[in-house]
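A short worksheet on the structure shown next.
There are 6 protein chains.
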Amino acid sequence: MCEIQAILGVRIMRKLNRVPPEIIERLEDFLKEDVRSGDITTDAMEPLRGEATATIFSKGKSILAGIEEVVAIAEMHDLSCEVLAFEGNWVEPRQAVIRIHGPVKTLLVIERLSLNIIQRMSGIATKTYNMVTKCRAVNPDIIIAATRKTTPGFRYFEKRAVKIGGGDPHRYALDDMILIKNNHVDAVGGVTKAVQMAKRAVSFSKKISCEARSMEEGLEAIIAGADIILLDNFTPDDIKRFVQDLKKKNLREKVLLEASGGMDEDNIVEYASSGVDIISSGALTHSYKAADFNMRVILD
Amino acid sequence: MCEIQAILGVRIMRKLNRVPPEIIERLEDFLKEDVRSGDITTDAMEPLRGEATATIFSKGKSILAGIEEVVAIAEMHDLSCEVLAFEGNWVEPRQAVIRIHGPVKTLLVIERLSLNIIQRMSGIATKTYNMVTKCRAVNPDIIIAATRKTTPGFRYFEKRAVKIGGGDPHRYALDDMILIKNNHVDAVGGVTKAVQMAKRAVSFSKKISCEARSMEEGLEAIIAGADIILLDNFTPDDIKRFVQDLKKKNLREKVLLEASGGMDEDNIVEYASSGVDIISSGALTHSYKAADFNMRVILD
Amino acid sequence: MCEIQAILGVRIMRKLNRVPPEIIERLEDFLKEDVRSGDITTDAMEPLRGEATATIFSKGKSILAGIEEVVAIAEMHDLSCEVLAFEGNWVEPRQAVIRIHGPVKTLLVIERLSLNIIQRMSGIATKTYNMVTKCRAVNPDIIIAATRKTTPGFRYFEKRAVKIGGGDPHRYALDDMILIKNNHVDAVGGVTKAVQMAKRAVSFSKKISCEARSMEEGLEAIIAGADIILLDNFTPDDIKRFVQDLKKKNLREKVLLEASGGMDEDNIVEYASSGVDIISSGALTHSYKAADFNMRVILD
Amino acid sequence: MCEIQAILGVRIMRKLNRVPPEIIERLEDFLKEDVRSGDITTDAMEPLRGEATATIFSKGKSILAGIEEVVAIAEMHDLSCEVLAFEGNWVEPRQAVIRIHGPVKTLLVIERLSLNIIQRMSGIATKTYNMVTKCRAVNPDIIIAATRKTTPGFRYFEKRAVKIGGGDPHRYALDDMILIKNNHVDAVGGVTKAVQMAKRAVSFSKKISCEARSMEEGLEAIIAGADIILLDNFTPDDIKRFVQDLKKKNLREKVLLEASGGMDEDNIVEYASSGVDIISSGALTHSYKAADFNMRVILD
Amino acid sequence: MCEIQAILGVRIMRKLNRVPPEIIERLEDFLKEDVRSGDITTDAMEPLRGEATATIFSKGKSILAGIEEVVAIAEMHDLSCEVLAFEGNWVEPRQAVIRIHGPVKTLLVIERLSLNIIQRMSGIATKTYNMVTKCRAVNPDIIIAATRKTTPGFRYFEKRAVKIGGGDPHRYALDDMILIKNNHVDAVGGVTKAVQMAKRAVSFSKKISCEARSMEEGLEAIIAGADIILLDNFTPDDIKRFVQDLKKKNLREKVLLEASGGMDEDNIVEYASSGVDIISSGALTHSYKAADFNMRVILD
Amino acid sequence: MCEIQAILGVRIMRKLNRVPPEIIERLEDFLKEDVRSGDITTDAMEPLRGEATATIFSKGKSILAGIEEVVAIAEMHDLSCEVLAFEGNWVEPRQAVIRIHGPVKTLLVIERLSLNIIQRMSGIATKTYNMVTKCRAVNPDIIIAATRKTTPGFRYFEKRAVKIGGGDPHRYALDDMILIKNNHVDAVGGVTKAVQMAKRAVSFSKKISCEARSMEEGLEAIIAGADIILLDNFTPDDIKRFVQDLKKKNLREKVLLEASGGMDEDNIVEYASSGVDIISSGALTHSYKAADFNMRVILD
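Residue numbers (the working numbering), protein chains in the order written: chain A, 181 to 480; chain B, 181 to 480; chain C, 181 to 480; chain D, 181 to 480; chain E, 181 to 480; chain F, 181 to 480.
Right, here's the structure in full:
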């Protein structure tokens, strides 16, 4: 590991205070889940009272993510650490990504959790990065967004990994934005009514997105004042026609268009060039492959 | 849905009290993660005050898992539900698996969490079932076990899915069993010493497993009193030779043998027929594919 | 209390599930604050084992708010209740607003908390209603919004009271919307840069508001893509000129304009007619006068 | 700000350990309420990584309170601070009261909460101080006490502000003292019985107060052994007569007399000179006017 | 068990709402401590799905205590129960004290906790009852009080058992009463100063007790306004002389006298007849002998 | 106190990180139980702002336990401490065991909790040590184990005291090991079935213990695969015969034998020489006598 990267590492560490307190609490819960009443094996090994250095290595090639969380885990345990690679950059096989120093018992206790986080987050970041790169080749302004299809309790980490990979996290929770789905529309009796109810119910500080099953619904939602139109199961050609129509009506600038539903690596590029602003994909967080990392511990 | 399945459904529901209180709390946390301060969209739709029936359908073929959790979520919200398919059984495309009835707002609020759980758990159960089936064809007593490579905060669900698929959950946490790893052995100066320290440190009620890098270490651990030997990166042939040797020494009955490291769908059957008792595989929980399910809501 | 109001009361009660779970928890904390280890006086009164009916009366004239919370408190304690007056409506001196029935001990325990909530929320709702009414007389579309100047721990209740009174709750927390303040602008080197950074940092699902100290800054923020311009300490005349200018440039439709700073009952109407969309006022939640209510308990 | 005040400031800071742990937790909750998942605006401003000094200034004249809490908030975030004015003293317009130094992001995050606390507490302290001063002019030993009419969740802060202003906090919770109200008396069948029940039910370490609607009830309560008599809606003249009577019976020394009900700035002085020991007033905590403070942040 | 006792049992059950919410939470914590992630044995026994009746029997003779807690545990698990013996009464060997009905799994889960509570509380109640009876034979008004020498986390239960046995629980926590110890007196420079400081610092609603090492200190404390004098290591004769002296000075009625330090079953009666009002003894909660109870479960 | 012990003290302190986080939380809860909203007496003593040294002394002779917990309490409050005696060693009357330095207020606040813990834990350790010593005189390999008959909420501390005294803590919770009791056996229809069900239900990583009421049941359980046989109410002679029989059948090595039920100081030695591996006794934790310790505080 060269000097320069170590210095850069320090720069990353200064960002640590980004990890919000409730995430610190969650990391503690994660550790409790793994350790419960204690690491009875390590506790039994009496000579294991010294200090050691643990290094996490990448075993394959991936976009690195999860370093900030590992730094947080280390700092929660008063371990010093040296970040050796940037989140959002490619790491190569056998590349060291972080070095942690402190009591060997503590290092052994945090090993599994650290790897479980870094492997999953890097897997998602890599998948996102690849999708974004592919789509931006045909549409440099396209936004690739995640969905709420995340692992329960692990959303923050999965969404952050999407962001590191160049994607947009989309809503973190149901209170982030109004998103009127088809069942809402049907239940209240039409798009216009639904958008109006939403406007009346929430603060002006919230955006309103409305799902549309047809160009007519899309148009109606725009006129009713929606900020975003979610085009559900439109083909790329449908979208192109809709965009054309909006431009003619001088309405294209008034809204963002989001395509969703059945996005996969085969068809996503076609959607990217259809004229939408945003493509959202559940696969980013529910069907990624974990990247491979391991930790080596050397006693002082 | 025929009468009989509905009756069986009731039988499953009686098992509900299996969901331990701390898991109920975790389900509540999951819901808070998704909803945060409120489902502002649904809250805004004033006419949505009625009741409805939500049905979850399988979109593909998988071993069903996660129904107990969905029932728990439903009961936490005073929703009535009818279980239509068994956990651990195959479900087919378009098969309804559970029907939930209650206020439409509540149904919309629990939709995403219920699907996120059922999709992940069924994916793991399916992968486990396939591995177990394949290995049992060559060794009917083989145990296929998970590891601690689980999604932080979601271990209970992933381990339970492994069990539904016919696998062994292995340790839930570090206090479940003594597992002496190579670094423990090296730090204290040998297998015998490590096993002795463990015996002195923990109650007689705990099992002791010891990792072995060679047949010599394996033998030493057995003589020192280990209950389980974890054969790390042994080839199937190595294992066969070791088993042979133990039988000769009349020690085979005294221990369980577990193989681990780099297990995949290609080589696992060969290991299954090598004479070990247990094969553990991290892939069961970190590289499964989520099964596909959706929910349809019909207003009363 | 006539039959009809009681029936309406039932309708309100069906809305109860609006009180989100974390608010239920907060109500429990409030009760613990008041009761701590127990109501030692009532516990000491042995004959107080029977049931009773408690009625809350308004002592003055105010816009009623806080009934939903009192219903929630009652239901948390398995008390039945009958709502006798609507939130958002005027109540008169000596008017009964809610009747609660159950064990007298429980009624005595919840008395103080229920009154403390209903008095403060009705006070805020009344003040908001009066301000909104006054401003809408000159500008029927004006939005009167609260700020984050709320009592720590009590924000949800104060914001909801603002809403009941016809106001807009504005941001509940710092993650609800981007709001670029002057110090942000100065720190990053200009309005355009700040807005661009914000756009890059957050999801497309968030609105961006930017404070402007001058028309130039306001214009710059609009062009950079802000959704809302917060006009800080502009006089009504400044605002009128700015609105004029935006209309000429065909930009008025692209943004919402919010006026803030030193709003009081004397000058607010002038601002309301200046052409802004929103006026926000801290006084709504920090300088209201509690409305007066009391509770009478009659043993069965 | 002169040298001397800064030195005094240090002396105040040594008192910090007075803030009890559960209040530290509550301050954390308050901050979570305001920040929720993060200050997305400040986080987006990349250059805002440096340190700064924040100074809180009084904008009007008030009795200062809430400094201890702001110090606690600062220390919770590892910010250094310098106290520039004493709690309980008058502060003047434009007077700096505390200076806090640390990362600018953290300063911006704690700004709103710190001001919300200091403004409300100083408002209450000022009102209390004025009432106490007025009443002590006619009766130097009079105790002016708060009630349980506090903002839910904020009682500790409001009661402490009363104390800083020279008032008595009275009961913090229902377990602090026995206080037999009229409904207790009626339910058990008389004052004597109620006092006896209370004595039997609680430890000798608790005081017993008993509300009296007439001189007869007051006398009965004293003879039954009450430590305090709460005179409910007695006129000042009634009280004078009662005091006279007790002196004649040689009972005045045995009890404390508390007057309550409808106390306001107009009539409180008359009560203060009536011979009671204590006057309690809900208005101290439910109808005060927040004092005005602001914070200025200067980057290093 | 005769009909009448069962009916009385119902009466006791109506008192259940006495168990305060925080104690319900503590009972839940106790159960989690015992069960942790689950009763893996009972869960493994598949036929154990039915209902059963569990009866708790006394194996020896003791004053019964802890029934209310067992009822609370039962109700927390939706088990019905029938109370067969009164708290505070003697129970005989083989006497059934409570019958609980519900799912056999649940009964087995709550067995150990229920017995652990009832055995300890009955042990303390019995010891207290015996001491109180002995002392009241010589002084019918004497109060026998516990101390803060309780098992950490179990104070509520131990104090309540003291009360059931006829004793006084004394302070539950350090905020219940001012108790000036010798080190306080020495640190501030004398009894008078200490009592004055206390009076200034706390609300009028709190009692003030002051420890005295000599009659002089005792007298000084009374004159300074203490409500209770704690006579530390006074002999019974010392106390008699002090009481005599106070009577002469017409001060006996102004205070309560409490004796403490080295109280045991040998000397306590002598103290009881010395003229004090209260004797406090740590032995009540730290050196009792658990009473013996067991539970029998019969499947329906 | 000599130099050497102080140095050894430091060595003990390095073990401090053994106190698991959830126990740190429990110690905090214990302190809250004792202090609740504050030590109002000490807070009132204004001069008590300095530092002091507190020393805990043994008043009798006992095996010392609980020092680690007191160190943890001290460190939680940033107090420095010097350990003067080892856990597990005999301490004599008037021997100082730990010295703690810091603010006098804090020392007074932690006094009662520290003593309550050290007294109970040393009492248990002493009783255990005496039993172990007596039994090992006749059987040097015998294990003396505790049970689940512990004080609710205080199990960790009582079990750890047993271990310090030379005993085996046995199960901490119901998920530590399968323990099939007689009611399980009866409910499922026999020992063999119960053991088989257990094997199927739990991971291979768990031990299985099975209670036996007769030699036949014991034998059946061994053959079914139990790891431990719990001999319930066997006489020492019964056990001898059973051991003999197992040896003949070449099964003695396959299991551990545990005797339980009615163990007391009179008969335990006889059991120890009967050939069992383990004797478990509830009396270790439910009928010990607290050791006597006190704390002296000297102001700097």
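Each residue gets a CB set at the ideal place from its N, CA and C atoms; glycine is no exception.
Item                                                                                                                                                                                                                                          : Value
Helix, strand or coil for E:Ile448 per DSSP?                                                                                                                                                                                                  : helix
Please determine, among E:Lys387, E:Met377, E:Thr331, the residue with the shortest C-alpha to C-alpha distance to F:Leu293.                                                                                                                  : E:Thr331
For A:Gly218, which residues in chain F fall below 7 angstroms Cβ to Cβ?                                                                                                                                                                      : Pro200
Just tell me which of B:Glu248, B:Leu399, B:Leu228 has its CA closest to the CA of A:Met377.                                                                                                                                                  : B:Leu228
Helix, strand or coil for E:Met475 per DSSP?                                                                                                                                                                                                  : strand
Quick check on B:Ile247: does DSSP put it in helix, strand or coil?                                                                                                                                                                           : helix
Could you name each continuous beta strand (DSSP E) segment of 3 residues or more that falls completely within the segment 299 to 334 of chain B, going from the start of the chain to the end?                                               : 323 to 325
Quick one: is the Cβ of F:Ala325 within less than 6 angstroms of any heavy atom of the ligand ATP?                                                                                                                                            : This structure simply doesn't include the ligand ATP, nor any ligand for that matter.
Thinking C-beta only, is F:Val371 closer than 7 angstroms to F:Glu400?                                                                                                                                                                        : yes
Return the CA-CA distance between D:Ala254 and D:Ile280, expressed in angstroms with no decimal places.                                                                                                                                       : 7 angstroms
Just to confirm the assignment: which complete beta strand (DSSP E) runs, minimum length 3, are found wholly within the segment 390 to 466 of chain B?                                                                                        : 408 to 412, 436 to 440, 458 to 460
How many angstroms separate the CA atom of B:Ile409 from the CA atom of B:Asp348?                                                                                                                                                             : 17 angstroms
Looking at the structure shown, is C:Arg216 part of a helix, part of a strand, or coil, going by DSSP?                                                                                                                                        : coil
As a quick exercise: from C:Asp407, C:Ile278, C:Ala381, C:Gly346, pick the residue whose alpha carbon is nearest that of C:Met311.                                                                                                            : C:Gly346
Check whether the segment 443 to 460 of chain F touches the segment 269 to 288 of chain F, counting contact only when three or more Cβ pairs, one atom from each stretch, lie closer than 8 angstroms.                                        : no
Residues of chain G with CB closer than 7 angstroms to the CB of D:Ile409, please, in chain order.                                                                                                                                            : Protein chains A, B, C, D, E and F are contained in the structure displayed, whereas chain G is not.
Listing by chain order, which chain B residues have their CB less than 9 angstroms from the CB of A:Lys329?                                                                                                                                   : Arg292, Leu295, Asn296, Gln299, Ala470
Which first and last residues belong to the beta strand (DSSP E) in which D:Val277 is found?                                                                                                                                                  : 276 to 283
Pick from C:Asn362, C:Lys429, C:Asp214: whose alpha carbon is nearest that of D:Arg476?                                                                                                                                                       : C:Asn362
Once the 5 residues before and after C:Gln299 are set aside, which same chain residues still bring their CB inside 7 angstroms of it?                                                                                                         : Ala470, Ala471, Asp472, Phe473
Helix or strand or just coil, what does DSSP make of D:Leu359?                                                                                                                                                                                : strand
Against chain D, which members of the segment 385 to 415 of chain C pass a CB distance test of less than 8 angstroms?                                                                                                                         : Lys386
Give the residues of chain C in contact with B:Lys339, contact being defined as C-beta atoms less than 9 angstroms apart.                                                                                                                     : None at all; the shortest Cβ gap to chain C is about 27 angstroms.
Along the segment 238 to 255 of chain E, where does the CB come closer than 8 angstroms to a CB of chain F? Name the residues.                                                                                                                : none
Using 8 angstroms as the cut-off, can you tell me whether the segment 327 to 342 of chain C makes contact with the segment 236 to 253 of chain C, which would need three or more C-beta pairs spanning the two stretches below that distance? : yes
Thinking C-alpha only, which one of C:Asn430, C:Met395, C:Ala406, C:Lys428 is nearest C:Asp418?                                                                                                                                               : C:Met395
Between A:Lys420 and A:Gly455, how many whole angstroms is the CB-CB distance? I'm expecting something under 8 angstroms.                                                                                                                     : 6 angstroms
Under 8 angstroms by Cβ, that's how I've got C:Ser325 and C:His364 pegged, so tell me the actual separation to the nearest angstrom.                                                                                                          : Note that residue 325 of chain C is Ala in the sequence shown here, rather than Ser. Not quite, the Cβ-Cβ distance comes to about 20 angstroms (not below 8 angstroms), so this is no contact.
If I measure Cβ to Cβ from C:Tyr309 and keep anything under 7 angstroms in the same chain, skipping five residues before and after, which residues do I get?                                                                                  : Ile243, Gly345, Gly346
According to the neighbour-count rule (16 or more other Cβ atoms, all chains shown, within 10 Å of its Cβ), is C:Asp355 buried or exposed?                                                                                                    : buried
From F:Val368, F:Gly282, F:Val289, pick the residue whose C-alpha is nearest to that of F:Ala232; which is it?                                                                                                                                : F:Gly282
Determine the closest residue to D:Gly218 out of A:Leu437, A:Arg432, A:Pro201, A:Phe337, with distance taken between C-alpha atoms.                                                                                                           : A:Pro201
Rounded to whole angstroms, what's the CA-CA distance from C:Leu464 to B:Met256? Just pull it up for me.                                                                                                                                      : 37 angstroms
Does B:Val382 get closer than 7 angstroms to chain A when you measure Cβ to Cβ?                                                                                                                                                               : yes
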